[in-house]
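> One structure is given below, represented as C-alpha coordinates, and several questions about it will come after.
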Amino acid sequence: MYIVLCAAVFTVAYLLNILTISVGYHRGFAHQAVTLHPLLRRLVIAGGNWVTGLDPKAWVVMHRLHHEYSDTPLDPHSPVNVGMRGMGLEQLRSYKRVIIGLLKKDPAYTRYARDLDFPVNILIRRKLWYLPYVVHALVGVALAVCVGPLLGVAYFLGMMSHPIQGGLVNWLGHAVGGRNFDTDDNSRNNHLAAWLILGEGFQNNHHRYPASATFSYRRHEVDLGYYACVLMGWLGWLEIHRHSLIPRPPATATLQPRMLG
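Structural data, given as C-alpha coordinates:
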(Lines of atoms letter the chains of each structure in order from A; the text may use other names.)
(Lines give C-alpha, C1' and ligand atoms only; values in the text may rest on other atoms or scores of the structure.)
Protein backbone atom coordinates (compact mmCIF):
# COMPACT_ATOMS: atom_id res chain seq x y z
CA MET A 1 0.00 0.00 0.00
CA TYR A 2 2.88 2.34 0.81
CA ILE A 3 4.43 1.82 -2.63
CA VAL A 4 1.07 2.53 -4.25
CA LEU A 5 0.80 5.76 -2.24
CA CYS A 6 4.31 6.81 -3.30
CA ALA A 7 3.52 6.08 -6.95
CA ALA A 8 0.28 8.05 -6.72
CA VAL A 9 1.98 11.05 -5.12
CA PHE A 10 4.74 11.03 -7.73
CA THR A 11 2.21 10.79 -10.56
CA VAL A 12 0.05 13.64 -9.27
CA ALA A 13 3.08 15.87 -8.65
CA TYR A 14 4.56 15.00 -12.04
CA LEU A 15 1.32 15.70 -13.88
CA LEU A 16 0.83 19.01 -12.08
CA ASN A 17 4.30 20.06 -13.16
CA ILE A 18 4.09 18.94 -16.78
CA LEU A 19 0.53 20.17 -17.34
CA THR A 20 1.49 23.61 -16.06
CA ILE A 21 4.31 23.72 -18.60
CA SER A 22 2.81 21.82 -21.53
CA VAL A 23 -0.70 23.28 -21.43
CA GLY A 24 -0.13 26.62 -19.70
CA TYR A 25 3.32 27.79 -20.74
CA HIS A 26 3.68 25.95 -24.05
CA ARG A 27 0.34 25.51 -25.79
CA GLY A 28 -1.20 28.50 -24.05
CA PHE A 29 1.31 31.32 -23.69
CA ALA A 30 4.07 30.42 -26.18
CA HIS A 31 1.95 29.42 -29.19
CA GLN A 32 -1.56 30.59 -28.28
CA ALA A 33 -2.91 27.25 -29.49
CA VAL A 34 -5.35 27.38 -26.59
CA THR A 35 -6.83 30.28 -24.65
CA LEU A 36 -6.94 29.71 -20.92
CA HIS A 37 -9.96 30.78 -18.90
CA PRO A 38 -9.07 34.15 -17.27
CA LEU A 39 -9.04 32.60 -13.80
CA LEU A 40 -6.82 29.71 -14.88
CA ARG A 41 -4.57 32.12 -16.76
CA ARG A 42 -4.06 34.24 -13.65
CA LEU A 43 -3.42 31.09 -11.64
CA VAL A 44 -0.72 29.90 -14.05
CA ILE A 45 0.91 33.33 -14.17
CA ALA A 46 0.94 33.72 -10.38
CA GLY A 47 1.53 30.12 -9.37
CA GLY A 48 3.39 28.56 -12.27
CA ASN A 49 6.76 29.62 -10.92
CA TRP A 50 5.92 28.10 -7.54
CA VAL A 51 4.82 24.82 -9.11
CA THR A 52 7.63 24.36 -11.63
CA GLY A 53 10.45 26.59 -10.42
CA LEU A 54 10.42 28.23 -13.87
CA ASP A 55 9.28 31.74 -14.69
CA PRO A 56 6.49 31.59 -17.31
CA LYS A 57 7.63 34.68 -19.20
CA ALA A 58 11.25 33.56 -19.42
CA TRP A 59 10.17 30.04 -20.42
CA VAL A 60 8.05 31.40 -23.27
CA VAL A 61 10.79 33.69 -24.56
CA MET A 62 13.38 30.91 -24.49
CA HIS A 63 10.97 28.60 -26.30
CA ARG A 64 10.24 31.17 -28.98
CA LEU A 65 13.98 31.63 -29.47
CA HIS A 66 14.25 27.87 -29.88
CA HIS A 67 11.63 27.88 -32.64
CA GLU A 68 13.17 30.82 -34.48
CA TYR A 69 16.70 29.42 -34.40
CA SER A 70 15.97 25.70 -34.13
CA ASP A 71 19.13 23.57 -34.30
CA THR A 72 21.31 26.49 -35.38
CA PRO A 73 24.14 27.95 -33.27
CA LEU A 74 21.63 30.46 -31.83
CA ASP A 75 19.25 27.76 -30.56
CA PRO A 76 19.18 28.04 -26.74
CA HIS A 77 19.01 24.25 -26.32
CA SER A 78 19.88 21.93 -29.18
CA PRO A 79 21.73 18.60 -29.09
CA VAL A 80 23.12 19.54 -32.50
CA ASN A 81 25.20 22.18 -30.71
CA VAL A 82 26.01 20.64 -27.33
CA GLY A 83 25.25 16.93 -27.61
CA MET A 84 23.35 14.84 -25.10
CA ARG A 85 25.70 15.41 -22.18
CA GLY A 86 25.65 19.16 -22.50
CA MET A 87 21.88 19.60 -22.65
CA GLY A 88 21.23 20.13 -18.95
CA LEU A 89 23.86 22.80 -18.47
CA GLU A 90 22.98 24.49 -21.76
CA GLN A 91 19.32 24.76 -20.76
CA LEU A 92 20.31 26.34 -17.44
CA ARG A 93 22.69 28.82 -19.06
CA SER A 94 20.15 29.83 -21.68
CA TYR A 95 17.40 30.28 -19.10
CA LYS A 96 19.70 32.53 -17.06
CA ARG A 97 20.57 34.60 -20.14
CA VAL A 98 16.89 35.08 -20.95
CA ILE A 99 16.10 36.13 -17.37
CA ILE A 100 18.91 38.70 -17.38
CA GLY A 101 17.86 39.96 -20.81
CA LEU A 102 14.25 40.44 -19.76
CA LEU A 103 15.18 42.19 -16.51
CA LYS A 104 17.50 44.54 -18.42
CA LYS A 105 14.80 45.08 -21.06
CA ASP A 106 17.18 43.94 -23.78
CA PRO A 107 15.30 44.16 -27.13
CA ALA A 108 16.93 40.90 -28.21
CA TYR A 109 14.68 39.22 -25.65
CA THR A 110 11.79 41.59 -25.00
CA ARG A 111 10.70 41.46 -28.64
CA TYR A 112 9.65 37.87 -28.04
CA ALA A 113 7.41 38.91 -25.17
CA ARG A 114 5.40 41.80 -26.63
CA ASP A 115 2.13 39.91 -26.32
CA LEU A 116 2.79 38.81 -22.73
CA ASP A 117 1.00 41.29 -20.49
CA PHE A 118 2.64 40.15 -17.26
CA PRO A 119 6.09 40.79 -15.76
CA VAL A 120 8.83 38.39 -14.81
CA ASN A 121 7.75 36.72 -11.57
CA ILE A 122 8.42 38.64 -8.37
CA LEU A 123 10.55 35.77 -7.06
CA ILE A 124 12.93 36.29 -9.96
CA ARG A 125 12.90 40.07 -9.69
CA ARG A 126 13.78 39.88 -5.99
CA LYS A 127 16.43 37.21 -6.53
CA LEU A 128 14.39 34.63 -4.63
CA TRP A 129 14.30 32.15 -7.52
CA TYR A 130 15.33 29.32 -5.19
CA LEU A 131 12.26 29.54 -2.93
CA PRO A 132 10.06 27.08 -4.90
CA TYR A 133 12.84 24.50 -4.70
CA VAL A 134 13.22 25.09 -0.96
CA VAL A 135 9.47 24.83 -0.38
CA HIS A 136 9.16 21.58 -2.32
CA ALA A 137 12.23 20.19 -0.57
CA LEU A 138 10.73 21.03 2.83
CA VAL A 139 7.44 19.38 1.88
CA GLY A 140 9.41 16.33 0.79
CA VAL A 141 11.32 16.25 4.07
CA ALA A 142 8.07 16.59 6.04
CA LEU A 143 6.53 13.68 4.13
CA ALA A 144 9.69 11.64 4.64
CA VAL A 145 9.68 12.23 8.39
CA CYS A 146 5.94 11.82 8.95
CA VAL A 147 5.25 8.95 6.55
CA GLY A 148 8.40 7.54 4.99
CA PRO A 149 11.51 8.58 3.04
CA LEU A 150 10.33 7.15 -0.27
CA LEU A 151 7.19 9.27 -0.18
CA GLY A 152 9.23 12.43 0.31
CA VAL A 153 11.53 11.53 -2.58
CA ALA A 154 8.54 10.70 -4.80
CA TYR A 155 6.95 14.08 -4.11
CA PHE A 156 10.10 16.09 -4.75
CA LEU A 157 11.10 14.24 -7.91
CA GLY A 158 7.59 14.60 -9.30
CA MET A 159 7.33 18.31 -8.60
CA MET A 160 10.86 19.15 -9.70
CA SER A 161 10.96 16.88 -12.76
CA HIS A 162 11.21 19.67 -15.34
CA PRO A 163 15.00 19.41 -15.97
CA ILE A 164 14.57 15.76 -16.97
CA GLN A 165 11.43 16.50 -18.97
CA GLY A 166 13.11 19.32 -20.85
CA GLY A 167 16.29 17.36 -21.42
CA LEU A 168 14.43 14.38 -22.86
CA VAL A 169 12.28 16.49 -25.16
CA ASN A 170 15.13 18.67 -26.38
CA TRP A 171 17.50 15.73 -26.89
CA LEU A 172 15.28 12.89 -28.13
CA GLY A 173 12.98 15.28 -29.97
CA HIS A 174 15.89 16.67 -31.97
CA ALA A 175 18.12 13.63 -32.33
CA VAL A 176 16.23 10.32 -32.36
CA GLY A 177 13.08 9.37 -34.26
CA GLY A 178 11.15 9.64 -37.50
CA ARG A 179 9.99 12.69 -39.42
CA ASN A 180 6.61 13.33 -40.96
CA PHE A 181 7.65 16.71 -42.36
CA ASP A 182 10.73 18.08 -44.10
CA THR A 183 11.43 20.99 -41.76
CA ASP A 184 14.58 23.13 -41.83
CA ASP A 185 15.75 21.78 -38.47
CA ASN A 186 16.59 18.37 -37.02
CA SER A 187 13.27 17.92 -35.20
CA ARG A 188 12.11 14.32 -34.71
CA ASN A 189 9.06 12.46 -33.50
CA ASN A 190 10.11 10.36 -30.52
CA HIS A 191 7.37 8.16 -29.08
CA LEU A 192 9.16 7.48 -25.78
CA ALA A 193 9.46 11.19 -25.02
CA ALA A 194 5.88 11.70 -26.18
CA TRP A 195 4.47 9.07 -23.82
CA LEU A 196 6.55 10.28 -20.87
CA ILE A 197 5.96 14.00 -21.44
CA LEU A 198 2.38 14.21 -22.68
CA GLY A 199 2.97 14.49 -26.41
CA GLU A 200 5.94 16.85 -26.25
CA GLY A 201 8.17 14.30 -27.97
CA PHE A 202 6.48 14.86 -31.34
CA GLN A 203 8.82 17.72 -32.11
CA ASN A 204 8.83 17.34 -35.89
CA ASN A 205 5.05 17.64 -36.03
CA HIS A 206 5.14 20.54 -33.59
CA HIS A 207 7.81 22.47 -35.48
CA ARG A 208 5.81 22.11 -38.69
CA TYR A 209 2.55 23.22 -37.03
CA PRO A 210 3.58 25.20 -33.92
CA ALA A 211 0.14 26.80 -33.49
CA SER A 212 -1.60 23.43 -33.21
CA ALA A 213 -2.89 22.39 -29.79
CA THR A 214 -2.24 18.76 -30.71
CA PHE A 215 1.24 17.54 -31.54
CA SER A 216 0.11 14.26 -33.13
CA TYR A 217 -0.29 13.87 -36.90
CA ARG A 218 -0.85 10.17 -37.43
CA ARG A 219 -3.40 8.07 -35.59
CA HIS A 220 -0.80 6.00 -33.75
CA GLU A 221 0.86 9.16 -32.37
CA VAL A 222 -0.68 9.64 -28.93
CA ASP A 223 -0.62 13.15 -27.47
CA LEU A 224 -1.88 12.86 -23.91
CA GLY A 225 -1.39 16.58 -23.43
CA TYR A 226 -3.98 17.28 -26.10
CA TYR A 227 -6.41 14.90 -24.42
CA ALA A 228 -5.89 16.95 -21.26
CA CYS A 229 -6.70 20.09 -23.27
CA VAL A 230 -9.89 18.46 -24.57
CA LEU A 231 -10.94 17.56 -21.03
CA MET A 232 -10.12 21.03 -19.75
CA GLY A 233 -12.05 22.51 -22.67
CA TRP A 234 -15.06 20.37 -21.78
CA LEU A 235 -14.79 21.68 -18.20
CA GLY A 236 -14.69 25.26 -19.47
CA TRP A 237 -11.13 25.87 -18.33
CA LEU A 238 -9.75 26.67 -21.79
CA GLU A 239 -10.67 27.01 -25.44
CA ILE A 240 -8.87 25.03 -28.15
CA HIS A 241 -8.22 26.92 -31.39
CA ARG A 242 -9.41 24.13 -33.64
CA HIS A 243 -8.78 26.04 -36.87
CA SER A 244 -5.05 25.71 -36.17
CA LEU A 245 -4.98 21.96 -35.50
CA ILE A 246 -2.66 19.74 -37.53
CA PRO A 247 -4.59 18.43 -40.56
CA ARG A 248 -5.11 14.70 -40.91
CA PRO A 249 -2.63 13.02 -43.30
CA PRO A 250 -3.82 11.89 -46.74
CA ALA A 251 -4.87 8.23 -46.88
CA THR A 252 -1.88 7.40 -49.09
CA ALA A 253 0.71 9.28 -46.99
CA THR A 254 3.76 7.32 -45.87
CA LEU A 255 6.18 8.01 -43.05
CA GLN A 256 9.71 9.07 -43.94
CA PRO A 257 12.37 6.48 -42.98
CA ARG A 258 13.55 6.55 -39.39
CA MET A 259 16.78 8.48 -39.06
CA LEU A 260 19.24 9.11 -36.28
CA GLY A 261 21.55 12.04 -35.65
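Each step along the sequence shown adds one to the number in my numbering, with nothing skipped, and position 257 is 257.
Note that the Cβ used here is the ideal one computed from N, Cα and C, for glycine as well.
(1) Could you check what DSSP says for residue 47 in three-state terms: helix, strand or coil?
(2) Residue 230: which of 23, 8, 133 and 16 sits nearest, CA to CA?
(3) Mind checking residue 182: buried by the 16 CB within 10 Å criterion, or exposed?
(4) For residue 113, tell me which candidate among 122, 56 and 131 has the shortest Cα-Cα distance.
(5) Buried or exposed for residue 95, going by 16 or more other Cβ atoms inside 10 Å?
(6) Would you kindly work out how many angstroms separate the C-alpha atoms of residue 92 and residue 251, rounded to a whole number?
(7) Taking the alpha-carbon of residue 238 as reference, which of 172, 116 and 27 has the nearest alpha-carbon?
(8) Take the Cβ of residue 188 as the centre, count every other Cβ of all protein chains shown within 10 Å, and call the residue buried at 16 or more, exposed below.
(9) Residue range of the beta strand (DSSP E) that residue 221 falls in?
(10) With residue 240 as the anchor, note down where its beta strand (DSSP E) starts and where it stops.
(11) I want to know whether the stretch 129-142 touches the stretch 173-180 - three or more CB-CB distances under 8 Å.
(12) Just to confirm the assignment, what range does the beta strand (DSSP E) spanning residue 82 have?
(13) Would you mind giving the Cβ-Cβ distance between residue 199 and residue 216, rounded to the nearest angstrom? I have them listed as a contact below 8 Å.
(14) Would you mind listing the alpha helix (DSSP H) stretches within the stretch 84-169 that are 4+ residues and don't spill past its ends, in chain order?
(15) By DSSP's criteria, residue 186 is part of a beta bridge. Which residues make up the other side?
(16) Would you mind working out which of 160, 108 and 208 sits nearest residue 13, comparing C-alpha positions?
(17) Once the 5 residues before and after residue 236 are set aside, which same chain residues still bring their CB inside 7 Å of it?
(18) Say whether the stretch 36-53 touches the stretch 130-137, bearing in mind that this needs 3 or more beta-carbon pairs closer than 8 Å, one atom from each stretch.
(19) Let me know if residue 20 comes out buried or exposed under the rule of 16 or more other beta-carbons within 10 Å of its beta-carbon.
(20) Buried or exposed: where does residue 221 fall if 16 or more other Cβ atoms within 10 Å of its Cβ makes it buried?
(21) Would a C-beta distance cut-off of 7 Å place residue 118 and residue 197 closer than the cut-off?
(22) Out of curiosity, what's the CA-to-CA distance linking residue 262 and residue 151?
(23) Could you name the residues of the same chain whose beta carbon sits closer than 7 Å to that of residue 202, not counting the 5 residues immediately before and after it, in chain order?
(24) Can you name, in chain order, every residue of its own chain whose Cβ lies under 6 Å from the Cβ of residue 154, other than the five neighbours on each side?
(25) Kindly indicate which three-state DSSP category residue 261 falls into: helix, strand or coil?
So, to answer that:
(1) helix
(2) 23
(3) exposed
(4) 56
(5) Burial call: buried.
(6) Cα to Cα, the separation comes out at about 43 Å.
(7) 27
(8) buried
(9) Taken as a continuous stretch (DSSP letters only), residue 221 belongs to no beta strand (DSSP E), as it is neither H nor E.
(10) 238-240
(11) The answer is no - the stretch 173-180 does not touch the stretch 129-142, with fewer than three Cβ pairs under 8 Å.
(12) Here residue 82 belongs to no beta strand (DSSP E); instead the alpha helix (DSSP H) covers 79-82.
(13) 7 Å
(14) 87-103, 107-110, 122-125, 131-146 and 149-159
(15) According to DSSP, residue 186 bridges with nothing at all.
(16) 160
(17) Within the same chain, residue 236 has close Cβ partners 37.
(18) Cβ pair count under 8 Å is three or more, so yes.
(19) buried
(20) buried
(21) no
(22) This structure cannot settle anything about residue 262, because the visible part of the chain is limited to 1 through 261.
(23) 189, 194, 215, 216, 221 and 223
(24) Counting only Cβ-Cβ distances below 6 Å, and skipping sequence neighbours, we find 6, 9 and 10.
(25) Because the pLDDT of residue 261 is 38, which lies under 50, any placement of that residue in the model is unreliable, and the question is left without a value.
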